[in-house]
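As structure tokens, the structure follows; a few thoughts come after it.
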Amino acid sequence: MNAAIVIIFGFLLLSLVLGIRARQGHTMDMEQWAIGGRGFSKFLVFILLAGETYSVFTLLGTSGFAYANGPAAFYTVAFTTLGMITSYWLLPPVWRYAKKHQIISMSELFSKKYKSAGLGIFVTVIGVVALIPYIVVLFKSMGILVSATSYGSISPQVAIWIGMIVLVVYVLVSGIHGSAWNAIIKDILIFFVILFLGIYLPFKYYGGIQSMFEAVHLAKPNFMMFPESGKSMSWFLSTIAISTFGYFMWPHNAPVIFSAKNERAFRFNAVVFPLYALMVLFVCLVGYTAAIQIPGLKGGDTDFALLNLSMKSFDPWFVGIIGATGLLATLIPGSMMLISASTMLTKNFFFSVFPNVNESKTPMVAKVFVIVLSMICTLFALLESSTLVTLYLTAYAMVIQLAPSLYFSFTKNNPITKQGAFAGITLGIGFILYTSFAKVTMITLFPTMPKIVQDLNIGVLALVINIVTMCLVSVLTKKTANISTDQSVA
Amino acid sequence: MKPYYWLAIIPFFEIFIGVPWANRIEPYVLGMPFIMFWIIWCAISTSIIIGVIYRLDPLNKGSETE
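Those sequence lines, one after another, are chains A and B. Counted the way my numbering counts, the first sequence spans residues -4 to 485. Counted the way my numbering counts, the second sequence spans residues 169 to 234.
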């Protein structure tokens, strides 16, 4: 036992206690457990949405990505900024509609909008499938974090199991109320840890930010410019374009959005959030410092950049604080993802398939789903060797596929039919799954095309396939719908 | 559609046209390579622009409960 591990487990216990206390004074029906009874102030909505932005993935994944790819790591800041602009106009109508129809999940939104219970069930399954790689990211991060900060005394595998058990207990006792309070503690912690690391480390090793960048430039010329190929300008802009487009499609963000007390909360968020996103840049500074201080990390090991540099630079007790921050930054987003995935599975999958089960069983069924999902994600986390950013972007590319048909459903005369929505999402997601399991890339698909095409984020292609299919099928099915009504009139 | 809503298009230009233009290391601004400074500028200017829209928009006036 070293000081780091003691501190990490101390914080773990504290967050569990807070989670349990948060529950007191609220009778936990499903609407309370999942969306806090639609009573969250703009401050809490902000904190919960921000909790998503500053997860352990930011700490480890983004620093590792900066370590390996230079300026490409700014993509989170860029798409968060643009995504928040869209929120000003996008979220209020969605929130109003959800409130009017008492909707608490993404799939209910789809089934109400397209008047199709089948589409709701389908979106549930898609949403959960897309969340799995993201939860895997969190579990993997937790493994990296605990095993590194225990200085090897806990293996990553054991750490993943410990983290999973803590997360499940946490979710089962507290629901979203626990998330809100712990999110505040976590945000304060991660704010100071990121700020401190991002400033202290460049000063410690190079005497300043600019001299750090000059040292980077000396060791790796033009590292801080987008390269001609690879994580190039084409990759950057295409990734930002699709990520902005699908910024609010994460199923676990839906409960946060619906938990707002009024719609002004979203417009206010849009003003503040881009500034908050800038914090990511301090994580990048850590990555760039590590690029010369800890050279030679390759592939999945780049995710260790921040932790290795911290362990080289600090006493164990401070490494413990970093580790504890990382753990909290896993619990909050992780609990929100598990809550929304299991809410969706319970309300929109289980009760649609088994309508005869008594409604009073709802909370129990939701909790069983929490456990089952965690087990599945743990298994993937133990097997997966990709970098955190690769996994994250795969998950992201999948949820984005929900965006076209959802946006169309909020237009005045929605031209898209439920068949069109279904077909588009199916092909889009199918394409992503195919490319990630068969290891197909834009380069293998288009070997003769110029670099600018080969470097495009493959999600762009999936989105194009999705939209084209959606429109074609909608045109076809609308025609048959018209013909059948014509015949019935005749 | 309120005319000042069009302001929100500026950040998109700043990213999709501005970033390829700003892809350089020198001059350093506040100790950062120029490209990094530009990204920061994009976020700050977006916040200002949305702030202006928020202030002008009558939707955000009056009491909090709607």
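Where a beta carbon is used, it is the ideal one built from N, C-alpha and C, also for glycine. Everything numeric in this text was worked out from a predicted model, so none of it was measured.
Proximity test, Cβ basis, 8 Å: residue i and chain B
i	result
Gly122/A	no
Ile2/A	no
Phe221/A	yes
Ile130/A	no
Met228/A	yes
Val161/A	no
Ile204/A	yes
Ala73/A	yes
Pro311/A	no
Phe277/A	no
Tyr109/A	no
Pro269/A	yes
Leu232/A	yes
Phe263/A	yes
Pro88/A	no
Tyr486/A	Look at the range of chain A in this structure, -4 to 485, and you will see that residue 486/A is not part of it.
Pro445/A	no
Phe186/A	no
Phe60/A	no
Pro358/A	no
Phe69/A	yes
Pro410/A	no
Pro399/A	no
Pro66/A	yes
Endpoints, the alpha helix (DSSP H) within which residue i is located
i	result
Asn264/A	Arg259 to Ala272
Asn64/A	Ser58 to Asn64
Ile420/A	Lys413 to Phe432
Val435/A	Val435/A -> no alpha helix (DSSP H), and no H or E assigned at all.
Thr76/A	Tyr70 to Lys95
Trp189/B	Gly186 to Trp189
His212/A	Ile204 to Ala214
Leu397/A	Looking at the DSSP string, Leu397/A is not in any alpha helix (DSSP H), and its letter there is neither H nor E.
Lys110/A	Element bounds for Lys110/A: n/a, residue is neither H nor E.
Ser233/A	Met228 to Phe240
Tyr146/A	Careful: Tyr146/A lies outside any alpha helix (DSSP H) and carries neither H nor E.
Ala176/B	From DSSP, Ala176/B is part of no alpha helix (DSSP H); its letter is neither H nor E.
Arg223/B	Phe202 to Leu224
Ala67/A	Segment: none, Ala67/A is in no alpha helix (DSSP H) and carries neither H nor E.
Chain-ordered chain B contacts of residue i [CB-CB under 7 Å]
i	result
His212/A	Ile193
Proximal residues of chain A, C-beta to C-beta of residue i below 9 Å
i	result
Phe180/B	Leu77, Ile80 and Thr239
Gly186/B	Neighbours of Gly186/B on chain A: none; closest Cβ ~10 Å, over 9 Å.
Beta-carbon neighbours of residue i, restricted to chain A and to distances below 8 Å
i	result
Gly219/B	Val266
Close Cβ partners of residue i (< 8 Å) along its chain, the five nearest in sequence each way excluded
i	result
Val120/A	Phe344
Trp312/A	Ala(-2), Ala(-1) and Ile2
Ile217/B	Leu175, Ala176, Ile178 and Pro179
Thr234/A	Tyr70, Phe74, Leu388, Asn452 and Gly454
Ala112/A	Ser106 and Ser347
Within-8 Å CB hit, residue i to chain A
i	result
Met169/B	no
Tyr196/B	yes
Pro201/B	yes
Tyr172/B	no
Glu234/B	At Glu234/B the pLDDT is 45, less than 50, meaning the model places this residue with poor confidence and gives no usable figure here.
Own chain, CB closer than 7 Å to residue i, minus 5 neighbours either side, in chain order
i	result
Ala457/A	Ala392, Gln396, Gly423, Phe426 and Ile427
Leu377/A	Gln152 and Ile155
Phe495/A	One cannot answer for residue 495/A here, as it falls past the ends of chain A, which runs -4 to 485.
Ala485/A	Because Ala485/A sits at a pLDDT of 39, beneath the cut-off of 50, its placement in the model cannot be relied upon, and the following sentence gives the value as read from the coordinates. Closer than 7 Å at the Cβ level, and outside the excluded window around Ala485/A, lies no residue.
Ala68/A	Thr57, Phe60, Ala61, Cys279 and Gly282
Tyr222/B	Asn228
Ala93/A	Leu104 and Phe253
Glu234/B	Interpretation of Glu234/B is limited by its pLDDT of 45, a score under 50 that renders its predicted location unreliable; the figure taken from the coordinates is listed afterwards. Taken in chain order, the list of residues that qualify is empty.
Ala190/B	Phe202, Ile203 and Trp206
Asn64/A	Lys226
Within chain B, the residues that residue i reaches when beta carbons sit closer than 9 Å
i	result
Ile235/A	Ile183, Phe184 and Val187
Pro246/A	Per Cβ cutoff of 9 Å: no residues; Pro246/A is ~26 Å from chain B at best.
beta-carbon residue i near the ligand ZN non-hydrogen atom, thresh 7 Å
i	result
Ile185/A	The ligand ZN is not part of the structure shown, which contains no ligands of any sort.
Residues that residue i contacts on chain B, provided the C-beta gap is smaller than 8 Å
i	result
Ala272/A	Ala211
Phe208/A	Ile193, Tyr196, Gly199, Met200 and Pro201
Beta-carbon contacts of residue i that lie in its chain and below 6 Å, excluding the five residues immediately before and after
i	result
Ser483/A	In this prediction, Ser483/A scores a pLDDT of 44, lower than 50, which makes its location untrustworthy; the coordinate-derived value is nonetheless stated afterwards. Correct list: empty, nothing qualifies.
Thr480/A	Here the model assigns Thr480/A a pLDDT of 49, short of 50, so the residue's position is not dependable and the matter cannot be decided.
Gly415/A	Met465, Val468 and Ser469
Counting pairs of beta carbons, one from the region 268 to 276 of chain A and one from the region 284 to 298 of chain A, are three or more of them closer than 8 Å? Note that the region 268 to 276 of chain A does not touch the region 284 to 298 of chain A; fewer than 3 beta-carbon pairs, one per stretch, sit closer than 8 Å.
Taking contact to mean at least 3 C-beta pairs separated by less than 8 Å, is the region 115 to 130 of chain A in contact with the region 318 to 338 of chain A? Segment contact: the region 115 to 130 of chain A against the region 318 to 338 of chain A, three or more CB-CB distances shorter than 8 Å; contact assigned.
Would you check if there are 3 or more beta carbon pairs closer than 8 Å linking the region 201 to 215 of chain A to the region 299 to 314 of chain A? Using a C-beta cut-off of 8 Å, the region 201 to 215 of chain A makes no contact with the region 299 to 314 of chain A, since fewer than three inter-stretch Cβ pairs fall below that distance.
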